[in-house]
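Chains G and L supply the protein sequences, listed in that same order. Each residue of the first sequence is one higher than the last, beginning at 118 in our numbering. Each residue of the second sequence is one higher than the last, beginning at 126 in our numbering. Every residue gets a Cβ at the ideal spot worked out from N, C-alpha and C, and that includes glycine.
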Amino acid sequence: MSGLNLTVRRDWQEQLYRKMTENTHLWRTGQVLILLSAVLVFCITLLNLPRLWVNVLRFSLSWSLFLGFALWTLYRRSRGRVTLSLLLIPILFALAASAAYLDPRVPQGVSDILPYWAVVISLIIPAVSWSIMLPILSRHPVEARRLGLHVNEWLPNVVIGAMSGGALAVHLLFITEFLPGDAVARLGFSESALFWSFSLLAGLWVPAEEFLFRGLGFHLLFEEAGNSYWNTTLRITVLNVLLYLVLALYTPSITLGLVVLVYRTGLSLINVFLLYRRKSLLPCMVANLVFTFVMMQLFPL
Amino acid sequence: MIRNVNPKLLREPRHWGRRDRQVLALTVLTILLWMIIMYLALLSGEQSIGLFPLLRYGAVIPVAVTAYYYGVGAGVTVALFFNSAFWMELYALSLRSGLSLITLEQVAISLILFVVAYVVADLSSSVQSQTALRLAVRDREALLSRTSNLNKVTGFILRSARQALDADEAAIILSNPLNGQWELITSDTKHPLPEPGEQSSGSLTLAQWLVERSSPMYLQDLDAPDSILLPVPGGERPPRSLLTRPLKHSNGSKLGCLVVIRENGYNFAQSDMQVLDDLVLAGQKALEQAGLYARTDFALEQRMTQLAAIQRTTRELNSNFDMRNIIDLTLQCAIEITGAESGTIILDVDDLIQLIHTRAMEVTNRQALLNLEQAILSGKTPVLLHDEMYLPPFFPRTQSQSLALIQRRGQTLGAVVVECPQPQAFDETSDWALSLLTDHVAIALENARLFSEIQKEKQQIGLIIDSIADGLITSDWEGHILTMNPAAEKLTGYTAGSLAGQHLNNIFRISDEIKTSELQPPERLLNLLKSGTVDKLVVRQRLGSKLVASVSVAPVVDEQEKPVGLVVLFRDITRQEELDRLQQELIAAISHEMRTPLTKISSIAETLQDQMAHQLTGRQAQHLEIMVAETQRLARFLDRMLNVHRLESANFDFQIRPIPINFIIEETIQHWRKTVPNFEFVLKESGTLWVQADENSLFLVLNNLLDNAVKYSPGGTRIEVSMEATPDERVLVSVKDQGKGIPAEAQTRIFERFYRVDGGDAQVVYGHGLGLYITKILVNAMEGDIWVESEPGQGSQFTFNLPMARTSAVLEEKPIETQNPGH
């Protein structure tokens, strides 16, 4: 029981106060960032810009920004954090632009010009993204662990995440059979679309969404601030769905928008529960990946 | 992160185990498969075949399983999940074909799913409640069964906590029930927590810090740089997370805390705290009871130890009368039973008072000392206060002091003071033990004092006894010699040591044994000594010679007046005896030599008086008559002297046999009626009574008593003789006259030789003081006794008794012919 013989800081109360203040500041910053992103994306949709530019701006101002902020929380106390941020931001924006450019739904995009290269290039996105994230995560294991980023029991976590996301996805598929025909805009399950969807989700979308909402949000609201489970879940879900509310407005069909909102809400609830139970972000990421991957084949998000 | 737990949440038991995970996975998998099959079936357009109803009914299984394990909420959620699909299908079917049996069946199945969710969840809740209750009862019983042993209770709680929370380690920080010190108890170690000020840095360890917390909390990421723990460069790695739950007494005071630690893995969360709740509720009760047991055991053990020490010391004190040893033993015991470092005994009350006065000059609050002094002076037990130092410390470094007075029968003999360098070192138990010790010490001191006094008295008595010229021998009641004084040693020629334990018979002989050379059994001598009827014994000296000793014997009695020994005081009277013997022999010789010529003179005088009466002148006849009378009187005197000599020299010839005493008395009275007719002799008849006696002696006794009555009674008075048998087979004979009586002081001496009562008539009444003496000797020789009852002016009554003759003896002996007394 040598751990109990360790010495407590004399200024432990000040230490706790500093930490609490910092957490509050972090969460406020995250909230401002999310709201700002939503507003900006909404504004962009009103500008009637070409789809490519809309995608570039949308991906950059949402997923790249969220991922960058989540990663910054990991290394914010380390030396060279400014330099790392200066390097990280253009890379993340570049990844967002690449993803937008590789979108098969964009006319005259890479998928049309170089259909086979599009598949290969799209895989670069998660490769680059994770090659940046992994060193940061490994250098800050305690901070990463706080976000639920660890590989303990990884196989059960992956299975549980896949089943949860898969069940929700199958339910969505079943429901779409009874939706009006104009509500569903299938991607057609083409190889390029599948690869692009996977790359965007695995490299940018899912990490950004899960790191920020479930990882950072759940940690700060539930574990640090001591909010109840349902309070935490609702606040995270509202913020998460806020982004999709903007997207729903952007979609051509109201039915499609409502379905998206309902299922994103369901996914948020499921993921918070999975994080609460499994104490790991891995099942959340897998569930999000599976469900969003299926959803993207159905709806033009 | 530190987070206090909402107490309201602690009552909700939730467990998330391996089995739950498996069930969840199975449920999700079933749903997934069901959805895939449903979707594929829809794609194939086979809505009309019997597959769909089967699938719809199949939805009951995941709903029931979920409701069973996760409650009605989860079951309804899953039911809604399926129904959401069914309702879409129902809507599509109703648009296509309107209301039909299939649509009604669809509605029924939807309702059934909800009902199943509710019913199964309710059943599950009941089963789980009972299971939880059974588990709680089992845990509680398991805990309470260990309540007598603190180690077992802590071990059980630690093991249970570790298993329940999948923790790496668990610990209990507990206040030691014996000394109140905080102790850190783990599954394999137990060591006290240092006091907060003992650490050089002045900071608290995590354990000390936890003790100061009063609410449940969990600490997360303790290995993070921003945790509350100071980093240890190159040292041990802090644990990952820690969960602590305070333990409280039933009165709400702090008992300690339970700490559960994870070195790796996940942080503890609020739900983990709920797991601990049941265990803690039962555990803190068990810990409290075990602590109580431990305290009771310790107190009992302490008392037993103290009592054993006091008993051991008391035993030694009781066998010790040396003051120095008593003080040493008392000090050793006082220090042992109080746990003191040093001690002092003050045995002089004046010194004690002086010390109190000295102390009273130093302290501001003098009331306690004045109370103490007052109590000592009044002989009462003082009320001692724990937080007072009563006397100036006797030893350096003393910070606490306990005092107990040594009192006996209201008198203060002194005080025992013990001291200790620790403050508040003495409590009520040590005071009680010290007081108990001083009670025994007081008795021991008094015993020592009494022993000393007895020793002095013994020395004085020894000196007195040694100075006595007479021999003094003490023996037990059986006659075994215990002690002899130097005079006895000198008289016997033996040393006290050589005769110790031997019987008195080895020293003393009865006189007649010497004469008859016949040894009597030892009991006879002992009985004579015990009865006090012997006043003269022969002492057998070591060299074979003998001496005659007058003996005085007194019994030694114990508190219950029971005789336990004899004290024999004897004096050498051999020379006196020899002189008496020579004197008697001389008297006997003179009497004998004078008796013969006197008889001749008397005969001649009587012959002359008879034959020459007419030839003598009146004056000559008167002279002759005087001569005859004087010669007869002288002859009687000489007869008596000879009788005395014979009796004293044991040459008197006794023939003891049955005799009808009434005939003897009648005959004697007849003789006296003729001799002195002017007296009225009355005999009270009581029939024939037989006695064992010598006939001649009996005549002599009766004649002596009647002669005595006639001599000392005025003429014409009445002399009454009576006799009667007593229940103890003796015959009482009384001779009562109406004479002048005998003074009380003379009654005890009238049976002595040559004693005559002083009085006006002593010289008038003729006598030699030998009649009653001879009478007593004769009565005693016939195993009888004689005494007198008299009051001056009221006459005297002489009574003697004789043993009654047994009937068989009477029958063997013929009644004798009465004879003349012959004198």
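For residue 344 (chain G), the CB contacts under 6 Å within the same chain, skipping 5 residues up- and downstream, are 338 in chain order.
Residues of the same chain with a CB within less than 7 Å of the CB of residue 857 (chain L), apart from the 5 flanking positions on each side, are 848, 849, 851, 924, 926 in chain order. Residue 562 (chain L) and residue 607 (chain L) have their C-alpha atoms roughly 38 Å apart. Judged by DSSP in its simplified three-state form, residue 353 (chain L) adopts coil rather than helix or strand.
Residues are counted here when their Cβ sits less than 8 Å from a Cβ of chain G; for the segment 201-213 of chain L these are 206, 209, 210, 213, given in chain order. With respect to the C-alpha of residue 332 (chain G), the residue from G:180, G:361, G:389 having the closest C-alpha is G:389.
Following the DSSP letters along the chain, one finds residue 872 (chain L) inside the alpha helix (DSSP H) bounded by residues 869-872. Residues of the segment 389-400 of chain L whose Cβ lies closer than 8 Å to any Cβ of chain G, in chain order: 390, 391, 392, 394. With respect to the 7 Å criterion, residue 320 (chain G) and residue 404 (chain G) are not classified as neighbours on the basis of their beta carbons.
Ranked by Cα distance from residue 149 (chain L), the first of G:209, G:178, G:281, G:329 is G:281.
In this chain, residue 316 (chain L) is not harboured by any alpha helix (DSSP H); it is covered by the beta strand (DSSP E) spanning 315-317. Any Cβ of chain L closer than 7 Å to the Cβ of residue 132 (chain G) would place that residue at the interface, and such an atom is present. When 9 Å is used as the limit between beta carbons, residue 222 (chain L) is near no residue of chain G, the shortest such separation being about 15 Å.
With a 10 Å radius around the Cβ and a threshold of 16 neighbouring Cβ atoms, residue 395 (chain G) comes out buried.
Taken through DSSP and simplified to helix, strand or coil, residue 841 (chain L) comes out as coil. Counting only runs of at least 3 residues, the segment 671-729 of chain L fully encloses the following beta strand (DSSP E) elements, listed from N- to C-terminal order: 671-682, 688-697. From the beta-carbon of residue 402 (chain L), no residue of chain G is found nearer than 9 Å; the closest lies around 18 Å away.
One finds 150 in chain L with Cβ atoms closer than 7 Å to the Cβ of residue 277 (chain G), taken in chain order. With a cutoff of 7 Å on beta-carbon distance, residue 194 (chain G) and residue 353 (chain L) are scored as not near each other. Ranked by Cα distance from residue 183 (chain L), the options L:195, L:215, L:235, L:212 are led by L:235. Taken in chain order, the complete beta strand (DSSP E) segments of 3 or more residues contained in the segment 401-460 of chain L number zero; there are none.
Setting aside the 5 residues that flank it on each side, residue 369 (chain L) is surrounded in the same chain by 335, 338, 341, 342, 343, 344, 382, 383, 384, 385, each with a C-beta closer than 8 Å to its C-beta; the list follows chain order. The residue from L:477, L:931, L:864, L:328 with its alpha-carbon nearest to that of residue 839 (chain L) is L:864.
The Cβ-Cβ distance between residue 366 (chain L) and residue 392 (chain L) falls below 7 Å.
Contact with chain G is absent for residue 369 (chain L), since none of that chain's Cβ atoms lies less than 7 Å from the residue's Cβ. The C-alpha of residue 590 (chain L) is placed about 17 Å away from the C-alpha of residue 690 (chain L). Only residues of its own chain outside the window of five on either side were considered, and among them 355 have a CB closer than 8 Å to the CB of residue 328 (chain L), listed in chain order. Under the DSSP assignment, residue 591 (chain L) falls in the alpha helix (DSSP H) whose first and last residues are 553-592. Of the candidates G:166, G:196, G:157, the residue whose Cα lies closest to the Cα of residue 180 (chain G) is G:157. Within its own chain, the residues whose Cβ lies closer than 7 Å to the Cβ of residue 331 (chain L), once the five positions on either side in sequence are excluded, are 354, listed in chain order. In the structure shown, the three-state DSSP call for residue 796 (chain L) is helix.
Where residue 526 (chain L) is concerned, the enclosing beta strand (DSSP E) starts and stops at 525-533. By the neighbour-count criterion, in which a residue is buried when 16 or more other Cβ atoms sit within 10 angstroms of its Cβ, residue 333 (chain L) is buried. Shown here, residue 144 (chain G) sits in a helix according to DSSP, grouped into three states. By the rule that beta-carbons nearer than 7 Å mark a contact, residue 330 (chain L) touches chain G. Under the Cβ distance rule, residue 350 (chain G) does not count among the residues neighbouring chain L, no pair being separated by less than 7 Å.
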